[in-house]
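Worksheet: the structure to be examined is printed underneath.
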Amino acid sequence: MALFGLVPAYRDLPLRGDGVYLRSSEMRDFVAWASLRERSRAFLTPWEPTWPSDDLTRASFRYRVRRHAEEIARDEAYSFFVFREADDVLVGGLTLGHVRRGVSQAATLGYWMGEPYAGKGYMSRAVRAALDYAFSRQRLHRVEAACLPSNAASIRLLERNGFHQEGFARAYLNINGQWRDHLLFARLDSDPSPTRRSL
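In full-length UniProt numbering, the protein residues as written are 1 to 199.
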């Protein structure tokens, strides 16, 4: 629930961002999503929680779509699929989760990229669009992110998008079946936007 009259906005979708767009998941995305996740399984496994045995089933996806819609309705999280604008191909996903209103006005950024599209700048563009949405339309003050110290690509992505490293959390998240240390990052609405050259 939004506090102090700060009402969330979830309109003007899809979000547009320099060759990519973001929108909420729909059942029509199942085949593309399941295919991309399966092709990217080995690539994603070191960086994600252990996948449930039924993760790529239609029933599991239907539950995911419903849960995302409920989280949006409750102003708890805003999950998006990321598409390449030129051909509407699904390339990854991004979430502004754990939304805290009132005196915090904060959320946590999470993302994943399909292996065929990694390293091509799509996620950096998606993060820029999501940050604009978070600060301008959701009126958040702070967006946080965490990544494994060994995930150099994710560290570069966050730093290119104006995030500052703020700390180190021991055994922070259970990743691939193990409690893993994470680096903690954040960007504030008052932080200067990175220059185009740094992106």
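Note that beta-carbon positions come from the ideal geometry of N, C-alpha and C, so glycine has one too.
Beta-bridge partners of Gln105 (DSSP): none assigned.
With contacts defined as CB atoms closer than 8 Å, Ser124 and Arg84 fail to qualify as a contacting pair. Note that the C-beta distance between Leu140 and Asp189 is below 8 Å.
Taking 8 Å as the upper bound for CB-CB distance, Leu22 and Val82 are in contact here, some 6 Å apart.
Within the same chain, Cβ atoms closer than 6 Å to the Cβ of Asp18 are found at Arg125, the five residues on either side in sequence being excluded.
The C-alpha of Ser60 is placed about 10 Å away from the C-alpha of Ser53. Beta-bridge partners assigned by DSSP to Ala146: Leu184. When the alpha-carbon of Trp112 is set against those of Glu26, Gly162, Asn151, the nearest one is in Asn151.
In the DSSP assignment, the residues bridged to Ser79 are Thr95. For Phe30, same chain residues with a beta-carbon under 7 Å away, outside a window of 5 residues either side, are Arg58, Phe61 in chain order.
For Glu159, the enclosing alpha helix (DSSP H) stretches over residues 152-160. Linking Trp47 to Ser25 through their CA atoms gives a straight-line distance of about 22 Å. One Cα belongs to Thr45, the other to Asn176, and the distance between them is close to 6 Å. DSSP places Phe168 inside the beta strand (DSSP E), whose first and last residues are 164-175. Per DSSP, Tyr122 is one residue of the alpha helix (DSSP H) stretching across 122-132. The Cβ atoms of Val99 and Asp75 lie closer than 8 Å to each other.
The Cβ atoms of Ala86 and Arg142 do not sit closer than 8 Å to each other.
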